[in-house]
Structure formats: C-alpha cells, structure tokens
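Chemist: The following block contains the structure, expressed as structure tokens.
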Amino acid sequence: MAAAVPEMAPFIRAAAIASPGLKNFPMPITSMAMQMKHLVYGALKSATDHGPIGSLGGHPFLIVINGLNECEDKDEVGELVDSMLIFFNKNPFIPLCIFITRRVEQHIQLQLEVPGVRLDNLVDHCLDDDITAFLDVLFQDARRQNPVIKAYIQCRGEWPTPQNMIQ
-18 MAAAVPEMAP
-8 FIRAAAIASP
2 GLKNFPMPIT
12 SMAMQMKHLV
22 YGALKSATDH
32 GPIGSLGGHP
42 FLIVINGLNE
52 CEDKDEVGEL
62 VDSMLIFFNK
72 NPFIPLCIFI
82 TRRVEQHIQL
92 QLEVPGVRLD
102 NLVDHCLDDD
112 ITAFLDVLFQ
122 DARRQNPVIK
132 AYIQCRGEWP
142 TPQNMIQ
C-alpha cells in the first residue's frame, strides 16, 4: 500500500516500528485483524487526517480479499470481518473499499448482512457476453496466426461458425 499510496508510508513504517510483531516474520504472532487495524486502517486514517491523499485522485483505495472462506481459522476470519465493520462504522468517509470474493459460508454471510455492505452472487449474473467477447479475441488471433486455420477457412469458409459459437 505504501507504494500505491505514498502518503501512508510514514504511518505504516511507524506502526511496524512500534509493533514489530505486525510483520509476522518469521512466524505469525498477530492476527489479520490486528495487522489490518494498524497497517491499513490506522495508516490510511492518519494519512487522511493530515490532508487529502493526492495519489488516490479522489477515488477510494480498493483492497481485494480472495478466498476468505478458505482460511482455516474461522474465529480469526470472524474477527477480521468484525474489525472491518467496526472501522467502516466509525470512519464512513475514509477512501477505502474492500472487495471480498468467496464461496457463501454461513459464518461469514451472517456477519456481512448489515447496512453498508453489499452482497452479490456472481452466479446470478449472466456472463455470456463476456465469454463471447473473450472467445472472439482468441479466435481472431488464431485466424490471423495459425496456418491450419487459415487453410481451413480458405477451403470451408468461416471458422468458427456462428452455430459453433452458440454451442
């Protein structure tokens, strides 16, 4: 984060010096919630308290957490989610968004069903247009570069056919 948001660097450095255990090296000795509290939330709040964060260009900083449901320590995950919710309740104007991707697990789902959290299931959204656009690019490259496909098109016509694309 310090590289992306240089205004946070002195506050991240100060937190790491004040609490060396936050670095979790060589062994984890602090929780994810404690690391986020001191190295992310605290540093970002301190930076915003000192003035606008120009490196964000007026936009929030986005943190993506993928696979939260795969963490073995469910209590630690619960503590992390609770700490996020507490921070955002106390600091609603801090320029930070957290995007969590995960399978639906009840212990996480229940914690996140609160105001200010948007839950969405990507399975409910049709991805056909995205998949078609991706395949179009791949096939276009193949038609341009692959001599076998070029020969096929000369002999038989369009490849892949619209019917093939539907399938």
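For the sequence shown, my numbering begins at -18 and goes up steadily by one.
Ideal Cβ positions, reconstructed from N, Cα and C, are used throughout, including at glycine.
All values derive from a computational prediction rather than experimental measurement.
State yes or no: is the C-beta of residue 79 within less than 8 Å of the C-beta of residue 65?
Modeler: yes
Chemist: Could you check how far apart the C-beta atoms of residue 50 and residue 86 are, in whole angstroms? I think they sit under 8 Å.
Modeler: That belief holds up - the Cβ atoms of residue 50 and residue 86 are roughly 5 Å apart, short of 8 Å.
Chemist: Please return the same chain residues whose Cβ sits closer than 6 Å to the Cβ of residue 16, not counting the five positions on each side in sequence.
Modeler: Once the five neighbours on either side are set aside, the close Cβ partners of residue 16 are 3.
Chemist: Please work out which residues of its chain come closer than 6 Å, Cβ to Cβ, to residue 44, disregarding the five sequence neighbours upstream and downstream, and give them in chain order.
Modeler: 79
Chemist: For the beta strand (DSSP E) containing residue 95, list its first residue and its last residue.
Modeler: Segment: none, residue 95 is in no beta strand (DSSP E) and carries neither H nor E.
Chemist: Between -5, 39, -11, 54, which lies nearest to residue 26 when the distance is taken from Cα to Cα?
Modeler: -11
Chemist: Out of 59, 120, 126, which one is the CA nearest neighbour of residue 139?
Modeler: 120
Chemist: How would you label residue 14, buried or exposed, when you count the other beta carbons within 10 angstroms and need 16 or more for buried?
Modeler: buried
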